[in-house]
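Q: Order-wise, the sequence lines are chains S and P.
Quick note: the first sequence, position 176, residue 693 per this note's numbering, numbers continuous.
Quick note: the second sequence, position 184, residue 1290 per this note's numbering, numbers continuous.
Built from N, CA and C at the ideal position, the CB exists for glycine as well.
What you are looking at is a predicted structure, and each value in this text was computed from that prediction instead of being measured.
Can you read through this structure? Questions will come right after.
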Amino acid sequence: MNWQTLKSKILPKSGGRTGAFTLPSVVLDLQPGFVAGASLDRKSRQVRRVAVRQLEPGALEPLAGRPNLAKQEIVRRAIKEVLESVGNGGGRLGILLPDPTVRVAILRFETLSARRSEAEALVRWKMGSILPFPPEEARVTFQLLSKGEQSVELLAMAVRNSIIAEYEAVLEEVGAGPALVLPATAALLPLLPAGNEGSQVLVHVCSGSVTSVVVVGDGISFWRNRQLENLTAADDSEVVSEFARVVAACRDHLKSEIEDLYIYVRPPASSSLDNEIGKVTGRRVQFLTGDASQAESLQPPEKKILEGFGMTFAGLLENRN
Amino acid sequence: MRVTLNLAIPPSAQERYALVWAIPATLLGIAGVVLILVFTVRTYRQYKVVARSVAEYQDRDNVVRAQEMAVRRQLDEPQTRRLLNDVQFVNSLIEQKQVSLTGLVADITDLIPDDVRLSSLAMAPDKEGLAIRFVITGKNAGAIESFLSNLEDSPSFKDVAIINEGFEVTGASAELENIACTAHYLVGEHQSGGE
C-alpha cells in the first residue's frame, strides 16, 4: 500500500469518489408527489416499518441541472413525519432520488483502466455529452455490465453535486450524510426475476415521469427516462405510448424481442393500465411485486403502503451482495 | 439484477472513527491541560517563594545599607573622627615600637655583678640601631671590669665603648668607682619581639 492509497483511505475524499452499494437501516424515497420511508432489518431481510407522506405539487421538482427543492420546509416536514413513523435508525440514511434528477447511460469502451480514478475520469468525460451541467460538477458512479476482449460495457450514473447537497441539507436535522444514494428505479431492478436469459422490460411510472429499463440476462441494455406532461390518474395514454415506444426501440435497435413486461406505478395506477399496455404490446404485463416474506412483520395498512409506494425498499432488501 | 452502484460518498476513516478517536484525544488533551496546570501552579508557587526570598534579601540589604549609612554618618562626626585619629596614632606607635624596656632591663640586670649598681641608663636610636648609655658605680675596679667583661661577652650588646671613668669619695673614706660607657643593643637578634 503506497502513500497515495493510504492517504485516500484516511483523509476525507475531496473529489467526491463514490462508494459501493450499502444498505442502510433506514431509507427515504423522495419523489415529486410524496416522501416514503422505511426501516429495514438487514439480517432478516424484512421491512420493519414503512410510511408515506404526500407532498404538495411544486415542493419537489426533479431536474438534473437545477435546484430540486423549491419548498424545502415542506419537504423537511414530510421527511420528519415519515422518520417519526419509521424511526431514523440513528445513523446514515439511504436516499432514493427521483429518476429525472440522475442521468443514466450505458457506456461502451474498448478498454478501461483497472484504476478506479482513471476509469471514473473516462466515464465522467463520456457522460459529459448528456449532462446539462459541466461534467466536473457531477458525482459519478458506474457498474461493470460486461467485459469482453474488445469491449467493456458499463452502467453509469451521474448527479450534480449541488443537487445532492440540496437533499443532504434537508436531512441535516436527522443525521449524518447519506450512506446510499440511487435513483428510485435502480432500487427496483433487483426485483426482476433472476436467471432469465430473455429480455425484460421494467417501466417505472412515478409522479409524472416514466423510466424504462431493458434488462437482458444480468445486464442492462437500455435506460430511458421521460417526463410526461399530461399524465393524470384518469389518462394513462402517455404511459401506454411510452411503453409501446420502448418495445419498438428494443426490437429495432437492440434486435431483441421483449419476453416479460413489468410495471410499477406510483401512486398506484388504475387497474386497466396493464390491460391497455398488453393490448398495445401484445404481451402480458405484470405489476412488480416483492417477496411476501419481506412484509411479514407489517400491519395490513403498512403492507398496502409498501405495495403502493415502497417496492423500492423491497428491491433494496432483495439486492443481496 | 444485482446493483452495486451508489452515488453516496463513503465516509473516510477519519470521519468513521472521528468519535472513537475523539474520546482518547479528548482524554489526552484533558490530561495534558491538567499537567500544564499542575506544572504552572507548581512553578508559580516556586516563583512566589523565590520572589518572597528576594524581597526578604532586599529588605535585609536595605537595612544593612541603612546601618552602614548610619555608621558612616556617625564616623563623620568630629568626636568620632578625633577618636579615630587617636586610635590610628596609638596604633602607629604600637607598630613603631621595637624595643622592650623590660627585656632591656632584664638583659642588663643579668650583666651586673653584686657589688655594682646601675646609676643611670639612657637610650637613643641611631643609624646602627639603639644606642644605650650606662653609668655604673662599683666598689672596686674589679667589679667594674667584671661588668664590662660581661657586657662585651653578652650577645645582646656590641660596640662597647667607655666614655668616662671617675672616682667618688663617700663619708667613711671609702672610694666608689664610676664609669660611663655605651653599647649598641642588638634588637631582634636574641629577642623574640619588642612589644
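Determine the burial state of R625 (chain S): buried for a count of at least 16 other Cβ atoms within 10 Å of its Cβ, exposed for fewer.
A: R625 (chain S) is exposed by the Cβ-count criterion.
Q: So what does DSSP say about S1226 (chain P), is it helix, strand or coil?
A: Three-state result, S1226 (chain P): strand.
Q: Identify each residue in the region 676–687 of chain S for which the Cβ-Cβ distance to at least one residue of chain P is less than 9 Å, and report them in chain order.
A: Within the region 676–687 of chain S, the qualifying residues are V676 and I681.
Q: Could you tell me which whole beta strand (DSSP E) segments of length 3 or greater appear in the region 577–642 of chain S?
A: Listed in chain order, they are 611–614 and 620–626.
Q: Identify the continuous beta strand (DSSP E) that holds I775 (chain S) and give its terminal residues.
A: Counting along the chain, the beta strand (DSSP E) containing I775 (chain S) begins and ends at I775 to R783.
Q: Let me know the secondary structure DSSP gives D1213 (chain P) once reduced to three states.
A: The answer is helix: DSSP assigns D1213 (chain P) an H, G or I state.
Q: So for D546 (chain S), helix, strand or coil by DSSP?
A: D546 (chain S): strand per DSSP, three-state reduction.
Q: Name the chain B residues that come within less than 7 Å of G536 (chain S), Cβ to Cβ?
A: Note that chain B does not occur in the displayed structure, where the protein chains are S and P.
Q: Please report the residue range of the alpha helix (DSSP H) in which T795 (chain S) lies.
A: Before going further, note that residue 795 (chain S) is Gly rather than Thr in the sequence given. Note, G795 (chain S): alpha helix (DSSP H), L790 to T798.
Q: Round the Cβ separation of P707 (chain S) and L614 (chain S) to the nearest angstrom and send it over; I've been treating them as touching at under 8 Å.
A: Not really, about 17 Å apart at Cβ, beyond 8 Å.
Q: Per DSSP, what kind of secondary structure is L1189 (chain P) in: helix, strand or coil?
A: Helix at L1189 (chain P).
Q: Run through DSSP, which three-state label would K1245 (chain P) get?
A: Reduced to three states, the DSSP call for K1245 (chain P) is coil.
Q: Report the residue from S:V603, S:Y684 and S:S634 whose alpha carbon sits nearest the alpha carbon of R565 (chain S).
A: Cα-wise, what sits closest to R565 (chain S) is S:V603.
Q: Could you tell me the boundaries of the alpha helix (DSSP H) in which D1265 (chain P) lies?
A: D1265 (chain P) -> not in any alpha helix (DSSP H); beta strand (DSSP E) instead, spanning F1263 to V1275.
Q: Using a 10 Å radius around the Cβ and a threshold of 16 neighbouring Cβ atoms, would you call L662 (chain S) buried or exposed?
A: It is buried - the Cβ of L662 (chain S) has at least 16 other Cβ atoms within 10 Å.
Q: Taking a contact to mean a Cβ-Cβ separation below 8 Å, would you say T535 (chain S) touches L1113 (chain P) in this structure?
A: Cβ atoms of T535 (chain S) and L1113 (chain P): closer than 8 Å.
Q: Count the other CB atoms, across all protein chains shown, that sit within 10 Å of the CB of D616 (chain S); report buried if there are 16 or more and exposed otherwise.
A: Classification for D616 (chain S): buried.
Q: Buried or exposed for S1298 (chain P), please, with buried defined as at least 16 other CB atoms from any protein chain shown within 10 angstroms of its CB.
A: Any reading at S1298 (chain P) must be qualified, since the residue scores a pLDDT of 45, below 50, and its modelled position is unreliable; the value itself is stated next. With fewer than 16 other Cβ atoms within 10 Å, it is exposed.
Q: With distances taken Cα to Cα, identify the nearest neighbour of S729 (chain S) among S:K597, S:A761 and S:K588.
A: S729 (chain S) has its Cα closest to that of S:A761, out of S:K597, S:A761 and S:K588.
Q: Please look up how many angstroms separate the CB atoms of V763 (chain S) and V797 (chain S), rounded, as I've assumed it's under 8 Å.
A: No, V763 (chain S) and V797 (chain S) are not in contact; Cβ-Cβ is about 11 Å, not under 8 Å.
Q: What separation, rounded to the nearest whole angstrom, lies between the Cα atoms of S716 (chain S) and Q563 (chain S)?
A: For S716 (chain S) and Q563 (chain S), the distance between alpha carbons rounds to 29 Å.
Q: Under three-state DSSP, which class holds K1233 (chain P)?
A: DSSP places K1233 (chain P) in coil when its eight states are reduced to three.
Q: Can you tell me whether N1168 (chain P) is buried or exposed, with buried defined as 16 or more other CB within 10 angstroms of its CB?
A: Exposed, by the Cβ-count rule.
Q: Looking only at its own chain, which residues have a Cβ that is under 8 Å from the Cβ of V657 (chain S), when we skip the five neighbours before and after it?
A: Excluding sequence neighbours, V657 (chain S) sits near T535, E637, V640, R641, M644, A673, M674 and A675.
Q: Mind checking the region 692–716 of chain S against chain P and listing, in chain order, the residues whose C-beta falls within less than 8 Å of any C-beta there?
A: Correct list: A693, G694, P695, A696, L697, V698, L699, A703, A704, L706, P707, L709 and A711.
Q: Does the Cβ of F659 (chain S) have 16 or more other Cβ atoms within 10 Å, making it buried, or fewer, making it exposed?
A: Counting Cβ neighbours within 10 Å, F659 (chain S) comes out buried, since at least 16 surround it.
Q: Could you name the residues of chain S that V1109 (chain P) contacts, counting a contact when the two beta carbons are closer than 9 Å?
A: In chain order: F538, Q660, L672, L699, A703, A704, L706, P707, G832, L833 and N836.
Q: Are I612 (chain S) and L697 (chain S) close, meaning C-beta to C-beta below 8 Å?
A: A contact, by the Cβ cut-off of 8 Å.
Q: Of all Cβ atoms in chain P, is any one closer than 8 Å to the Cβ of V640 (chain S)?
A: Answer no: the Cβ-Cβ gap between V640 (chain S) and chain P never drops below 8 Å.
Q: Between which two residues does the beta strand (DSSP E) holding Q489 (chain S) run?
A: Nothing can be reported for residue 489 (chain S), as the shown portion of chain S is limited to 518 through 838.
Q: So what's Q563 (chain S) in DSSP terms, helix, strand or just coil?
A: In this structure, Q563 (chain S) counts as strand in the three-state DSSP scheme.
Q: If you measure from the beta carbon of V731 (chain S) to each beta carbon in chain P, is any gap under 8 Å?
A: No, its Cβ sits nowhere closer than 8 Å to a Cβ of chain P.
Q: Does the Cβ-Cβ distance between R609 (chain S) and A581 (chain S) come in under 8 Å?
A: Not a contact, by the Cβ cut-off of 8 Å.
Q: With 8 Å set as the bound, which would you pick, yes or no: does the beta-carbon of R656 (chain S) sit closer than that to a beta-carbon of chain P?
A: Yes, its Cβ sits closer than 8 Å to a Cβ of chain P.
Q: Show which residues of chain P have a CB atom less than 7 Å away from the CB atom of D735 (chain S).
A: Correct list: M1107.
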